[in-house]
Amino acid sequence: MASKTFQNIPKDKQDRVLRAAQIEFAKFGYHQANVSDICKRAGISNGALYKYFKNKSDLYQAVIQRQIEGKEEYMRGVVASTATCLEKLRMLMENTQTDVDARNDTFRILLQLSTADMNSFAKKVTRRIESSSFDHIRAILTDGIARGEVRGDMDVEMTAHFVNSFCFFLYAAFVSEYHRIRLEEVFHIPFVADEAIQSALVDRIMSWITGMLSPAARALHGRTGPEEK
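394 is the number of the first residue of the sequence shown in this note's numbering; add one for each residue after it.
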């Protein structure tokens, strides 16, 4: 990961280096990204980069870590807000409409991690990536149950994984034609870079989630599971 030398430089310079690397990794993938191009974009020498990171692998993992930290910062704000459980879940969905360039590069890199030639990196970082989202979504659901805002008989662990996966599905559609078409097939709404259409899609997703999680859903459908006769 990053050296002490990197940690001691001003944060704005750290951000510039990591953002330059993120752009190159997102555009070309890890294997084709060129260290010299990263340095040129960041405005530093190759020698300086190797004082900051041992190799390209360390730089790549530092980019992933910075992406995790950025996501966690946003999610902590959502968890701490006074919004209801369902409003917080909507906030997670709507975050896809902010910081477009950095967000899209983040998810290009995450999608690259799902390819076979990135298995060695996936083993190192996937649990870190997923647990950061899962833990915050679980906290939102647990608090919602305590406040009576969502049904208390849900499987919190499974529901948190479901919501997390749905968020990823939505995010991926911004950068992947495959996932964009999948999303359109599920919700029958054209997925284009239009705020009104994106809001309509979030409305549709949240309507579905609300129907599953609201206390009224439990009253309507009753409990399910092994106790039923």
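For each residue, glycine too, the CB sits at the ideal point set by N, CA and C.
Residue i in three-state terms, based on DSSP
i, result
"A426", "coil"
"A476", "coil"
"Q490", "With a pLDDT of 44 at Q490, under the threshold of 50, the modelled position of that residue is not reliable, and no figure is offered here."
"A515", "helix"
"A395", "strand"
"F500", "helix"
CB contact flag (residue i, residue j, <8 angstroms)
i, j, result
"V549", "L534", "yes"
"I602", "L594", "no"
"F399", "Y443", "no"
"E577", "F584", "yes"
"S525", "I461", "yes"
"A435", "R409", "yes"
"I598", "D498", "no"
Exposure of residue i, with buried meaning 16 or more beta-carbon neighbours within 10 Å
i, result
"Y571", "exposed"
"R469", "exposed"
"S592", "exposed"
"G537", "buried"
"K481", "buried"
"A609", "exposed"
"H641", "Absent from the structure is residue 641, since the part of the chain shown begins at 394 and ends at 622."
"R496", "buried"
"V471", "buried"
"R459", "buried"
Residue closest to residue i, alpha-carbon to alpha-carbon, out of the options
i, options, result
"V456", "R501, A509 and N401", "R501"
"A515", "T475, D405, C432 and S450", "S450"
"Y467", "S438, D546, E487 and L503", "E487"
"Q505", "K404, G422, D430 and Q458", "G422"
"S600", "C432, R483 and R459", "R483"
"V543", "I402, V472, T477 and L411", "T477"
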